[in-house]
């Protein structure tokens, strides 16, 4: 694929409540035991949680996300997911 036909890179933004429906749907697509809407919403209130969302710049659709927990000087990845139709484009790497 040449540079002209490559899809645009997603934009990475902090997770907010408007993302919750899309992220819960992504979870259901990707995992047999997905995180629920409520579990994702709880992370918004968790002061140790850091979540970022990859949005398709053309559609503003959430196409992936990463969730981390930051404690003192360490971080732990809680979850990372990319929509199956958007995989192999470097989105997970961008989220990391």
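In the working numbering, the protein residues as written are 9 to 104. Where is the CB? At the ideal position from N, CA and C, for every residue including glycine.
Taking only the alpha-carbon atoms, compute the straight-line gap between residue 26 and residue 69 and give it to the nearest angstrom.
Between residue 26 and residue 69, the C-alpha separation is close to 11 Å.
Could you tell me which whole beta strand (DSSP E) segments of length 3 or greater appear in the stretch 58-83?
You should have 70-79.
How big is the Cα-Cα spacing for residue 58 and residue 88?
Going from the Cα of residue 58 to the Cα of residue 88 covers about 12 Å.
Is residue 92 helix, strand or coil when you go by DSSP?
Helix, per DSSP.
Given this structure, state the Cα-to-Cα distance separating residue 63 from residue 19, to the nearest angstrom.
Spanning the two alpha carbons is a distance of roughly 5 Å.
What are the residues that DSSP puts in a beta bridge with residue 22?
DSSP lists 60 as partners of residue 22.
Measuring only the C-alpha atoms, how far is residue 49 from residue 65?
Each residue's Cα considered, the two are about 24 Å apart.
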